[in-house]
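Here my numbering runs 214 ahead of the position in the sequence shown, where the first position is 1.
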Amino acid sequence: MPTDVEAVAEQVFVALADPTRRAILAALASGGPATATDLAGLLPITRQAIAKHLALLAEAGLVAAEHGERRRVRYRLRSAPMQVAQQFLAALARDWDSPLDALKDHLDRGTRGPCPTPPDQPRGRHG
Numbered sequence: 215m216p217t218d219v220e221a222v223a224e225q226v227f228v229a230l231a232d233p234t235r236r237a238i239l240a241a242l243a244s245g246g247p248a249t250a251t252d253l254a255g256l257l258p259i260t261r262q263a264i265a266k267h268l269a270l271l272a273e274a275g276l277v278a279a280e281h282g283e284r285r286r287v288r289y290r291l292r293s294a295p296m297q298v299a300q301q302f303l304a305a306l307a308r309d310w311d312s313p314l315d316a317l318k319d320h321l322d323r324g325t326r327g328p329c330p331t332p333p334d335q336p337r338g339r340h341g
């Protein structure tokens, strides 16, 4: 898993872009660790398709594979990459908030009355 904040956030956003992967994460969040077979029983896709989605989720660091008895692999949620993505979004929001607040203030001031014409500008079309 990359250590760069933007790279981690990008992998998380790519993983979350797919509704099946979101459903897998939701199933793991509500039911705890599960195998690909367990998840295939909950979702309308094959175990092989689940395994491919789990591989991408593992690559993004959102799930961890735990090897158990009889070669069964259970997948568990990992929250660290999601927290990095949340921090990335929070920083982005902070960067937007100040300019957006300034624009809102500017627009609010503009709606309080007509904008005066500068003295060196002609008032009409024919000046």
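Quick reminder that beta carbons are idealized off the backbone N, C-alpha and C, glycines included.
Inset, instruction - Whole angstroms is fine: what's the gap from methionine 235's alpha carbon to leucine 321's? - result: For the purposes of this step, residue 235 is identified with residue 21 of the sequence shown, where counting begins at 1. For the purposes of this step, residue 321 is identified with residue 107 of the sequence shown, where counting begins at 1. It is worth fixing the name first, because residue 235 is arginine in this sequence and not methionine. Looking at the two C-alpha atoms, the distance is approximately 42 Å.
Legend entry - Contact the region 249 to 260 vs the region 216 to 229: 3+ CB pairs below 8 Å: no
Inset, instruction - Could you say if the region 247 to 254 and the region 281 to 295 meet the contact criterion of at least three C-beta pairs nearer than 8 Å? - result: yes
Legend entry - Beta-carbon proximity check, aspartate 232 vs histidine 267, cutoff 9 Å: Position 18 of the sequence shown, counted from the start, is the residue given in the question as residue 232. Position 53 of the sequence shown, counted from the start, is the residue given in the question as residue 267. Yes, Cβ-Cβ distance for aspartate 232 and histidine 267 is below 9 Å.
Legend entry - Proximal residues to alanine 243 (C-beta, below 7 Å), its chain only, five neighbours per side dropped: Walking along the sequence shown from the start, residue 243 turns up at place 29. Closer than 7 Å at the Cβ level, and outside the excluded window around alanine 243, lie Leu291.
Inset, instruction - Within its chain, find whatever has a CB closer than 6 Å to the CB of alanine 278; leave out the 5 residues flanking it on each side and keep chain order. - result: Locating residue 278 in the sequence shown gives position 64, counting from the first residue. Within the same chain, alanine 278 has close Cβ partners Arg290, Arg292.
Inset, instruction - Can you give me the Cβ contacts of histidine 281 inside the same chain, cut-off strictly under 7 Å, excluding the 5 residues immediately before and after it? - result: Walking along the sequence shown from the start, residue 281 turns up at place 67. Contacts found: Val287.
Legend entry - Residues of its chain near threonine 251, where Cβ-Cβ distance is below 6 Å and the 5 sequence neighbours each way are ignored: Taking the sequence shown and counting its residues from 1, one reaches residue 251 at position 37. Around threonine 251: Arg261.
Inset, instruction - With leucine 271 as the anchor, note down where its alpha helix (DSSP H) starts and where it stops. - result: If you number the sequence shown from 1, residue 271 lands on position 57. From DSSP, the alpha helix (DSSP H) with leucine 271 extends over 261 to 273.
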